[in-house]
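Q:
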Amino acid sequence: MVVALSENPSHTASPSIDESLPVHELQARQAQRLQEKWQRYWAENETFRAGGAEDVRPRKYVLAMFPYPSGDLHMGHAENYLYSDIVARFWRHRGHNVLNPIGWDSFGLPAENAAIRRGADPREWTYQNIAQQKAGFQSYGVSFDWSRVLHTSDEEYYRWNQWLFLKLYERGLAYRKKSPVNWCPNDQTVLANEQVVDGRCERCGAEVVKKNLTQWYFRITDYADRLLDDLNQLEGFWPHKVLQMQRNWIGRSIGADVDFAIEGREGVVTVFSTRPDTLHGATFMVVAPDSDLASELAAGSSEDVRMRFQDYLTQVQKTSEIDRQSADRPKTGVFLDRFAINPVNGERLPIWAADYVLADYGHGAVMAVPAHDQRDLDFARAFDLPVKVVVDTTAPITGALPVIEVDEDGVPIEPLESLDDQHPVKTGIALTGDGRMINSGELNGLSKRNAIARAIEQLEAAGTGRAAKNYRLRDWLISRQRFWGTPIPMLHTQDGEIVPVPEEQLPVRLPSIEGLDLSPKGSSPLGAATSWVQTTVPGTGEPALRDPDTMDTFVDSSWYYLRFLSPNSDTVAFDVDEARRWAPIDSYIGGVEHAILHLLYARFITKVLFDMGLIDFTEPFSSLINQGMVILDGAKMSKSKGNLVLFQEELDAYGADALRVALAFAGPVEDDKDWKDVSTTGAQKFLARALRAAQDVSSAVDVVFDGGDAGLRRITHHLLADAPALVEQTKFNVLVARLMELVNAIRKTIDAGSGPADPAVREAAETVAVMLDLVAPHTAEEMWEILGHEPSVGLVTWRQADPLLLVEDTATCAVQVNGKVRTTLEVPAKIGDAELEALARADEKVQRALDGKEIVRVIVRAPKIVNFAVKG
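Numbering (full-length UniProt numbering), first residue to last: 1 to 872.
(1) Note down the Cα distance separating Ile-855 from Asp-722, rounded to an integer number of angstroms.
(2) With Ala-256 and Ala-451 assumed to form a contact (beta carbons below 8 Å), what rounded beta-carbon distance in angstroms separates them?
(3) Between which residues of its own chain and Gly-591 is the CB-CB distance below 8 Å, once the five residues before and five after are set aside?
(4) Under DSSP, the beta strand (DSSP E) around Ala-174 begins and ends at which residues?
(5) For my contact list, Met-285 and Leu-349 are in at a C-beta cut-off of 8 Å; report their separation, rounded to the angstrom.
(6) What would DSSP say about Phe-686, mapped onto helix, strand or coil?
(7) Among Asn-113, His-151, Gly-119, which residue has its Cα nearest to the Cα of Tyr-127?
(8) Which same chain residues end up closer than 7 Å to Leu-191 when comparing Cβ atoms and leaving out the 5 residues on each side of it in sequence?
(9) Grab the span of the alpha helix (DSSP H) containing Asp-517 for me, first residue to last.
(10) Tell whether a beta-carbon distance below 7 Å holds between Pro-343 and Ala-455.
(11) Count Cβ pairs between the region 506–522 and the region 476–495 that sit closer than 8 Å; are there 3 or more?
(12) Alpha carbon to alpha carbon, what distance is there between Ala-811 and Gly-51?
(13) For the alpha helix (DSSP H) holding Ile-750, just list the boundary residues, first then last.
(14) Tell whether a beta-carbon distance below 7 Å holds between Asp-290 and Ala-359.
(15) DSSP state of Thr-553, grouped into three classes?
(16) Report, in whole angstroms, the separation of the C-beta atoms of Asp-72 and Gly-136, which I expect to be a contact under 8 Å.
(17) Expressed to the nearest angstrom, what Euclidean distance is found between the alpha-carbon atoms of Phe-453 and Ala-371?
(18) Hey, out of Asp-376, Tyr-356, Asn-470, Gly-445, whose CA is closest to His-363's CA?
(19) Closer than 6 Å by C-beta to Ser-524: which residues in its own chain qualify, once you throw out the five before and the five after it? Chain order, please.
(20) List the endpoints of the continuous alpha helix (DSSP H) containing Leu-651.
(21) Could you tell me the distance, in whole angstroms, from the CA atom of Ala-838 to the CA atom of Val-770?
(22) Just grab the DSSP bridge partners of Phe-621 for me.
(23) Can you give me the C-alpha to C-alpha distance between Leu-735 and Asp-709, rounded to a whole angstrom?
(24) Measuring straight from C-alpha to C-alpha, what distance separates Thr-332 and Asp-552?
(25) Could you tell me which residues DSSP pairs with Tyr-217 in its beta bridges?
(26) In chain order, which alpha helix (DSSP H) runs of at least 4 residues are fully inside the region 700–749?
(27) Comparing C-alpha positions only, which one of Leu-836, Glu-514, Thr-274 sits nearest to Val-366?
(28) Here's a check: name, in chain order, each residue in its chain whose Cβ is nearer than 7 Å to the Cβ of Ile-585, leaving out the five neighbours to either side.
(29) Please tell me whether Phe-339 and Trp-352 are closer than 7 Å, where the distance is taken between their beta carbons.
(30) Between which two residues does the beta strand (DSSP E) holding Val-258 run?
(31) Using a Cβ-Cβ cutoff of less than 6 Å, which residues in the same chain neighbour Ala-595 once the five nearest sequence positions on both sides are dropped?
(32) Within 10 angstroms of its Cβ, does Pro-22 collect 16 or more other Cβ (buried), or is it exposed?
(33) Assuming contact is defined by CB atoms lying nearer than 7 Å, are Leu-774 and Arg-89 in contact in what I supplied?
(34) Rounded to the nearest angstrom, what separates residue 910 and Ser-479 at their Cα positions?
(35) Check whether the region 778–790 touches the region 710–720, taking contact to mean three or more Cβ pairs, one atom from each stretch, closer than 8 Å.
(36) I need the straight-line Cα distance from Glu-46 to Arg-563, nearest angstrom please.
The structure is reproduced here in structure tokens:
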């Protein structure tokens with residue numbers, strides 16, 4: 001390969017820096033100079049702007065979850081946007097047209113609460129923070145396409161939130177109903193189930209209570225099967241734990257709806273059960289105390305029952321659903337003095353209200369089979385209710401019939417002694433295993449699977465039940481009683497009719513806060529904006545009121561990735577042709593804390609838009625990368641704990657490139673990184689060595705890269721061969737270690753006598769410059785310019801490795817401790833696992849890293865890697 005060197009008149013001597021300053025400060029000053037120089041160049045030349053429709057290069061859409069503008073950037077931002085930038089830069093180097101936009105998730109409670117504390121407009125707080133974060137991103141050298149910026153609090157954006165709402169309403173997917181909701185007494189607003197963590201508001205930590213309100217919902221449950229089944233498309237592309245969390249949250253159960261008649265009540269109560277085969281073992285019924293059914297049944301009982309029920313309901317409403325579902329809590333309840341009729345045998349079942357049943361699961365009522373369900377058994381023990389065994393779990397699933405003889409009440413006859421350790425009456429442990437049916441009429445002797453199928457057939461024949469599915473997933477509650485959000489574009493007439501705002505009248509703009517009290521008080525502040533809320537119905541002039549609630553901010557983020565494709569359009573939410581060109585997202589990067597909320601909602605909206613014919617894909621994020629947290633001394637950083645490491649201070653002290661290199665090198669992407677283990681000073685020294693390597697290259701003529709030091713060329717070409725896979729597998733820390741190795745090899749080659757004119761030295765230095773762009777772009781640009789090339793190095797295509805240089809007798813082994821590279825070893829290519837482990841253990845750096853720790857596992861992949869998993 002021949003490289004033509006340019007004179008490059010743009011490269012000028014650095015401004016003089018006081019050489020008497022400490023080395024650390026000299027390096028920081030140098031970093032600042034490079035940052036200003038190259039950031040100015042990127043901005044003036046729009047280096048990272050995505051190409052338009054005429055650009056024939058293959059496309060890649062890389063996106064990091066957009067930030068909330070809560071103040072200055074923090075170390076979590078530094079990590080997240082470093083990783084997304086590495087991926088974006090990598091694909092540019094691989095010859096792709098890359099879209100890497102940025103925006104701000106700028107509606108929400110924190111801005112409103114901050115404005116209330118300051119007596120200010122939330123707009124001021126929000127946009128001041130956006131400006132501060134934008135400056136931070138630019139100082140950090142992130143290669144965003146700054147021509148595609150959005151803020152969800154801009155009218156130009158939330159207009160299309162309202163458009164989306166109307167489209168869902170037209171399709172029957174947006175509706176309004178009264179139901180018990182999670183209520184935060186501190187923020188005075190409702191919360192979706194997903195926003196309640198351990199019974200508390202995820203935002204402020206206040207204990208959440210239940211409250212009956214009429215709210216707007218999106219009918220996400222209509223898409224439950226697709227949301228669950230389509231996760232199979234993402235296997236191998238999303239982290240396994242995220243897929244499992246989504247599956248668990250959707251929680252599909254297969255079973256039957258069973259209709260129970262209630263004495264003294266018209267109509268039936270439908271109960272969902274995954275085990276209709278155990279109907280003969282039902283001995284009582286339990287209803288959720290906060291359900292309409294429980295109130296109705298209590299109202300038909302005596303005054304004493306009604307009073308006890310009301311006291312119990314008040315107690316339950318103070319308890320979170322998480323606590324109610326805890327297996328360790330003592331069972332509580334109230335007998336409603338009402339009875340249900342078991343449809344398979346006509347038995348009278350006493351009806352209880354108990355808090356371990358939830359109003360929004362199934363139909364808010366369960367048939368209790370205490371012999372075979374632990375919660376039912378615990379309740380039966382607490383209130384001395386009967387237990388009836390209908391599954392012999394000691395019987396083989398195939399072959400023999402049941403071995404337990406029972407009388408007509410299901411009580412074992414013989415051999416009683418052999419059942420003492422298994423019978424629930426004796427042990428208090430439910431029989432939840434598989435077995436053969438007993439005491440169940442025509443089902444006797446059947447296995448579980450066959451008994452369930454037969455039971456459903458019998459219910460359907462009798463007209464008392466049918467096959468059914470149930471889900472843990474609930475419809476998406478989107479109403480919020482706060483000011484700083486998207487107004488819901490609906491009108492309420494005097495006769496109770498709900499009328500959509502016509503699309504041509506969007507956006508419904510937020511009013512001025514002048515004269516409004518934004519403090520939380522249980523109803524939306526918008527309801528007090530008289531001139532705003534009072535309006536007329538388009539076309540008829542009939543008086544109407546605007547809906548005073550605003551939308552959950554997860555609506556904003558459910559489709560923002562599409563708005564980036566047409567961020568400035570005032571005619572469409574997004575351009576359909578642009579969506580076909582760019583979407584879905586190739587690499588989506590963000591924290592695992594969004595594994596349920598944001599990802600689930602974005603998947604739902606994507607499927608709705610697919611059904612509308614606006615996009616041609618059903619999953620928004622083809623690949624998902626979750627990063628760990630940056631912690632300090634083992635704890636999450638927070639202002640209240642006083643253990644914050646400030647982004648801007650680190651940037652000023654060490655420079656963007658040193659911070660980026662240190663974070664990339666700190667460990668695997670998915671692991672938490674303790675700041676005490678992040679070496680920014682070490683990164684500074686490495687970058688200084690890399691820059692010096694470029695400065696030492698003295699050849700000023702065309703160079704043919706087919707000669708020079710053979711050992712250095714092998715190291716260079718092994719990196720060229722391995723680097724793409726390292727990036728695609730997100731092994732960024734290993735890539736940095738390999739770059740450090742190559743820089744050290746350059747220095748050794750120069751010092752060993754080959755000298756800076758060796759073409760292998762130039763080849764290696766150019767390779768470092770191009771690959772270093774991923775993690776240290778300012779230093780990489782400077783190196784590239786020093787080496788005589790025109791900027792930008794960020795657009796240079798990576799070279800291919802020479803296969804002939806990949807065949808060698810030695811190999812470089814990376815030695816890791818808990819995934820973090822501690823040293824590299826030059827070893828024979830055919831070394832065995834045992835010998836390689838012994839060499840790794842003998843290394844001084846590895847010994848220091850292992851000192852005082854227990855080795856729980858050693859992974860050896862000779863000759864490339866040794867990893868010690870340790871604790872302590």
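C-beta: ideal position from N, C-alpha, C; glycine also.
A: With the given structure in hand:
(1) So the two alpha carbons sit approximately 29 Å from each other.
(2) Their Cβ separation, rounded to whole angstroms, is 12 Å, which puts Ala-256 and Ala-451 out of contact at 8 Å.
(3) Only Met-65, Gly-76, Asn-80, Asn-626, Gln-627, Met-629 meet the Cβ criterion.
(4) Ala-174 -> beta strand (DSSP E) spans 174–184.
(5) Indeed, because the Cβ distance is near 5 Å, the residues count as touching under 8 Å.
(6) Three-state result, Phe-686: helix.
(7) Considering only alpha carbons, the answer is His-151.
(8) If you ignore the 5 residues before and after Leu-191, its C-beta comes within less than 7 Å of the C-beta of Asn-182, Cys-184, Cys-201, Val-208, all in its own chain and listed in chain order.
(9) Asp-517 -> no alpha helix (DSSP H), and no H or E assigned at all.
(10) Inclusion of Pro-343 and Ala-455 in the CB contact set at 7 Å is not warranted, their separation being larger than that value.
(11) Contact between the region 506–522 and the region 476–495 is established, with three or more Cβ pairs separated by less than 8 Å.
(12) In this structure, the straight-line span from the alpha carbon of Gly-51 to that of Ala-811 is close to 40 Å.
(13) No alpha helix (DSSP H) holds Ile-750; DSSP gives it neither H nor E.
(14) Yes. Within cutoff.
(15) Thr-553: helix per DSSP, three-state reduction.
(16) The distance from the Cβ of Asp-72 to that of Gly-136 is about 6 Å, consistent with a contact at the 8 Å cut-off.
(17) The sequence given here has Ala at residue 453, not Phe. Going by the C-alpha atoms only, they are around 21 Å apart.
(18) For His-363, the closest alpha carbon among the candidates Asp-376, Tyr-356, Asn-470, Gly-445 is that of Asn-470.
(19) Hits under 6 Å: Gln-481, Pro-548, Asp-549.
(20) Looking at the DSSP string, the run of the alpha helix (DSSP H) that includes Leu-651 is 647–654.
(21) Looking at the two C-alpha atoms, the distance is approximately 35 Å.
(22) For Phe-621, which the question treats as bridged, DSSP gives the partners Ile-585.
(23) Taking the straight line from one Cα to the other gives about 23 Å.
(24) About 35 Å.
(25) DSSP links Tyr-217 through a beta bridge to Tyr-175, Leu-477.
(26) The DSSP assignment places 710–728, 732–749 as complete runs of the alpha helix (DSSP H) inside the region 700–749, in order along the chain (cut-off: 4 residues).
(27) Here the closest residue by C-alpha is Thr-274.
(28) These residues qualify, in order along the chain: Tyr-61, Leu-63, Tyr-561, Pro-620, Phe-621, Ser-622.
(29) In this structure, Phe-339 sits away from Trp-352, with a CB-CB distance that is not shorter than 7 Å.
(30) 252–262 is the extent of the beta strand (DSSP E) around Val-258.
(31) Cβ within range, chain order: Val-242, Met-245.
(32) When all chains shown are included, Pro-22 counts as exposed.
(33) Cβ atoms of Leu-774 and Arg-89: closer than 7 Å.
(34) An answer regarding residue 910 cannot be provided, because it is not within the stretch 1 to 872 covered by the chain.
(35) In short, these stretches do not touch, since the Cβ pair count stays below three.
(36) Answer to the nearest angstrom: the Cα atoms are 21 Å apart.
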